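Visitor: Protein chains in written order, with our numbering: chain Y, 1 to 237; chain X, 1 to 237. We treat Cβ as the ideally placed atom computed from N, Cα and C, and that holds for glycine. Just so we're clear, the structure is a prediction, and the values are computed from it rather than from any experiment.
Number of protein chains: 2
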Amino acid sequence: MQRYFAKEKNDNLFLLEEKDYHHIKTVMRMKENEEIEVVYQNILYLACIQNVKENMKILELKEIEKEEKESKKINLFIPFLKEQKLDFIFQKSTELGVSKICLIPLERSIIKAKEEKESKKIERWTRILKEASEQSKRLSVPELEVISNINLLKEIEDLNLICSTKNNLKSIKKVMKNNSSFDIINVVIGPEGGLTLKEEEKLESFGFIPVTLGNRIMRAETVPLYLMSIFNYEFME
Amino acid sequence: MQRYFAKEKNDNLFLLEEKDYHHIKTVMRMKENEEIEVVYQNILYLACIQNVKENMKILELKEIEKEEKESKKINLFIPFLKEQKLDFIFQKSTELGVSKICLIPLERSIIKAKEEKESKKIERWTRILKEASEQSKRLSVPELEVISNINLLKEIEDLNLICSTKNNLKSIKKVMKNNSSFDIINVVIGPEGGLTLKEEEKLESFGFIPVTLGNRIMRAETVPLYLMSIFNYEFME
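(1) Closer than 7 Å by beta-carbon distance: list the chain Y residues that pair up with G97/X, in chain order.
(2) Return the residue from the list L144/Y, E60/Y, T165/Y, E70/Y that minimises the CA-CA distance to E199/Y.
(3) List, from N- to C-terminal side, the alpha helix (DSSP H) runs of 4 residues or more that fit wholly inside the region 2-58 of chain Y.
(4) According to DSSP, is V223/Y helix, strand or coil?
(5) Residues of the region 66-97 of chain X in Cβ contact with chain Y at a cutoff of 8 Å, in chain order, please.
(6) Which value, in whole angstroms, describes the spacing of the CA atoms of S140/Y and S136/X?
(7) Along chain Y, which residues have their Cβ under 9 Å away from the Cβ of K166/X?
(8) Which chain Y residues are close to M1/X, counting only those with a beta carbon under 7 Å from its beta carbon?
(9) Quick check: is the beta carbon of I230/X nearer than 8 Å to any beta carbon in chain Y?
(10) Look at the alpha carbon of K62/Y and the alpha carbon of G207/Y, and state the distance between them as a whole number of angstroms.
(11) If the cut is a Cβ gap below 7 Å, which residues of chain Y does M236/X touch?
(12) Determine, using beta-carbon pairs with one atom in the region 190-197 of chain X and one in the region 160-180 of chain X, whether at least three such pairs fall under 8 Å.
(13) Assuming E147/Y and L103/Y make a contact with CB atoms under 8 Å, what is their CB distance in whole Å?
(14) Report all residues from its chain with a CB closer than 6 Å to the CB of G194/Y; omit the five preceding and five following residues, and keep chain order.
(15) My understanding is that S71/Y touches D183/Y, with C-beta atoms under 8 Å, so please give their C-beta distance in whole angstroms.
(16) Identify whether I147/Y lies in helix, strand or coil by the three-state DSSP scheme.
(17) Quick one: which chain X residues come within Cβ less than 7 Å of R219/Y?
(18) Where do the ends of the alpha helix (DSSP H) carrying K173/Y lie?
(19) Check whether the region 23-30 of chain X touches the region 47-63 of chain X, taking contact to mean three or more Cβ pairs, one atom from each stretch, closer than 8 Å.
(20) So, is the C-beta of Y226/Y closer than 8 Å to a C-beta in chain X?
(21) Determine whether the beta carbon atoms of I209/X and N151/X lie at a separation below 8 Å.
(22) Chain X beta carbons: is any one of them nearer than 8 Å to that of K100/Y?
(23) Quick one: which chain X residues come within Cβ less than 8 Å of S148/Y?
(24) Taking contact to mean 3 or more Cβ pairs, one atom from each stretch, closer than 8 Å, check whether the region 222-233 of chain X and the region 76-93 of chain X are in contact.
(25) What does DSSP give as the partner residues of P105/Y in its beta bridges?
(26) What residue range does the alpha helix (DSSP H) around M197/X cover?
(27) For the alpha helix (DSSP H) that K240/X lies in, which residues bound it at each end?
(28) Identify whether K117/Y lies in helix, strand or coil by the three-state DSSP scheme.
(29) What's the gap between the Cα of R127/Y and the Cα of S133/Y?
(30) Just how far apart, CA to CA, sit K57/Y and F14/Y?
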């Protein structure tokens, strides 16, 4: 069944984004009284469509499911990358359960954030996160944050990891096994070419642990998927 | 340093694919005596380029590294999917160390193999596998096989898994922990909609173990990456 995230709920009526009404009517060509799934504030509802042709209404039928608090939260800190790569990361990390994606400025990142363009991009990324959440039947959309300076990572008191390219580091597996009690994991991923030594040292001084992901040479956009996959596996029963 | 896989080696001269000569000359614009890495029969060599302009020669300088026998081999059995999805799977699984990709006909696969087109496609896939191996600095290119019938999976005596969508199955993690001694792992991945009951039963009768990958709803093209990531993690020191 098609799933949509609602913007608002007034009594038993859901308010969707304009694009979603268009999707229901023109792309899915749904009929009067057809049922859909609607998520609002982490609760999944069964709903039905009325007045398809004009002034469409989405009517609550019943509550189906409340989101159970996820025991573990994964937050990814990634550099600005080329649009296509970021889109890919946003989509796939959502599928694999990411809680938050933070974009951070890193020295070796080829793409620099430009304020004048940023609000448009955030709109685009927000849409990708929402659509990927609908597709993968999540009950929440990952948070998105754009951080202007890595000094802001100073206050984080969780399990904090850096995907490092330095030699002789502990593997992410070892560090995960030794730190299994943390509920929130923050991982900083570098751009092509990795973090600079200065960036790594700064993050280490903030309590981030540099880890190796093994010997494979992965493209920048593969790393978040790799990480999300292994976290899923690590927390699997 | 740029890496290429050689077709042949005659004494101290490597023979590359036509496309690679073009790449060296026109895309990379390499100069006389510039050094490259060449892989031939799982051995990495340092080589240099001579006669760039006409009748280019690739001259062996020295052997750098022999591939160590990988202790574990992962073979993925995947259905025919849309071109873009297969390209993606071929590229990313290579990055993550897949040994062999077998394309298998499955009932719910929307794309059916067509013999007349197949040889052209195999050429295309072979190129993707080779290029991804060069990019990710592998010393071998994954094997590619197209299987005409899943009955041919009968003879495989390794750890054989099916990514199943059935309920109440053991997780892949549990099955991996209980079968850590196998050196070769074969995994069958279903198309969108999964394997049919009949296909699963047949594979089970061949000794394949159905496993669940967890509760996430992943797109078909995400599953091979997820698998390759968790195998890397599982075998990490």
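Guide: Result, derived from the coordinates:
(1) Here residue 97/X is taken as the residue at index 97 of the second sequence, counted from 1. Residues of chain Y passing the Cβ test: R216.
(2) If you number the first sequence from 1, residue 199/Y lands on position 199. When only C-alpha atoms are compared, the closest one is T165/Y.
(3) 18-22
(4) Along the first sequence, read from residue 1 onward, the residue named residue 223/Y stands at position 223. In the structure shown, V223/Y sits in a helix (DSSP, three-state: H, G or I).
(5) K92, E95, L96, G97
(6) Translated into positions along the first sequence, residue 140/Y becomes position 140. Translated into positions along the second sequence, residue 136/X becomes position 136. Cα-Cα distance, rounded: 35 Å.
(7) Start at 1 with the first residue of the second sequence, and residue 166/X comes out as number 166. What K166/X touches in chain Y: nothing, since even the nearest Cβ is about 17 Å away.
(8) Within the second sequence, residue 1/X is the residue found at index 1, counting from 1. Per Cβ cutoff of 7 Å: no residues; M1/X is ~13 Å from chain Y at best.
(9) Locating residue 230/X in the second sequence gives position 230, where the first residue counts as 1. Judged by the 8 Å Cβ criterion, I230/X is in contact with chain Y.
(10) As a working note, residue 62/Y is residue 62 in the first sequence. As a working note, residue 207/Y is residue 207 in the first sequence. Each residue's Cα considered, the two are about 46 Å apart.
(11) Here the question's residue 236/X lines up with position 236 in the second sequence. Per Cβ cutoff of 7 Å: S171, K173, G214.
(12) yes
(13) As a working mapping, residue 147/Y is identified with position 147 in the first sequence. As a working mapping, residue 103/Y is identified with position 103 in the first sequence. The displayed chain sequence assigns Ile, not Glu, to residue 147/Y. Indeed they touch by this definition, with Cβ atoms about 7 Å apart.
(14) The residue labelled residue 194/Y in the question sits at position 194 within the first sequence. Correct list, in chain order: T165.
(15) The residue labelled residue 71/Y in the question sits at position 71 within the first sequence. The residue labelled residue 183/Y in the question sits at position 183 within the first sequence. Their Cβ separation, rounded to whole angstroms, is 6 Å, which keeps S71/Y and D183/Y in contact under 8 Å.
(16) Taking the first sequence and counting its residues from 1, the one referred to as residue 147/Y is at position 147. In this structure, I147/Y counts as coil in the three-state DSSP scheme.
(17) Position 219 of the first sequence holds residue 219/Y. Those within 7 Å of R219/Y in chain X are E95.
(18) On the first sequence, position 173 is the one that residue 173/Y refers to. Unbroken alpha helix (DSSP H) run through K173/Y: 172-178.
(19) yes
(20) Position 226 of the first sequence, counted from the first residue, corresponds to residue 226/Y. Answer yes: the Cβ-Cβ gap between Y226/Y and chain X drops below 8 Å somewhere.
(21) Indexing the second sequence from 1 puts residue 209/X at position 209. Indexing the second sequence from 1 puts residue 151/X at position 151. Result no, Cβ atoms of I209/X and N151/X do not sit closer than 8 Å.
(22) In the first sequence, the residue the question calls residue 100/Y occupies position 100. Not one chain X Cβ lies under 8 Å of K100/Y.
(23) Residue numbering aside, residue 148/Y sits at position 148 when the first sequence is read from its first letter. Near S148/Y there are no residues of chain X at all, since even the closest Cβ is about 31 Å away, more than 8 Å.
(24) yes
(25) Position 105 of the first sequence holds residue 105/Y. Partner(s): none; P105/Y has no beta bridge.
(26) Within the second sequence, the letter at position 197 stands for residue 197/X. This sequence places Leu at residue 197/X; Met is not what is there. Run containing L197/X: 197-205, per the alpha helix (DSSP H) assignment.
(27) One cannot answer for residue 240/X here, as it falls past the ends of chain X, which runs 1 to 237.
(28) Translated into the one-based positions of the first sequence, residue 117/Y becomes position 117. K117/Y falls in the helix class under three-state DSSP.
(29) Counted from its first residue, the first sequence places residue 127/Y at position 127. Counted from its first residue, the first sequence places residue 133/Y at position 133. Each residue's alpha carbon lies about 10 Å from the other.
(30) As a first step, residue 57/Y must be located in the first sequence, where it is residue number 57. As a first step, residue 14/Y must be located in the first sequence, where it is residue number 14. Their Cα atoms are separated by approximately 8 Å.
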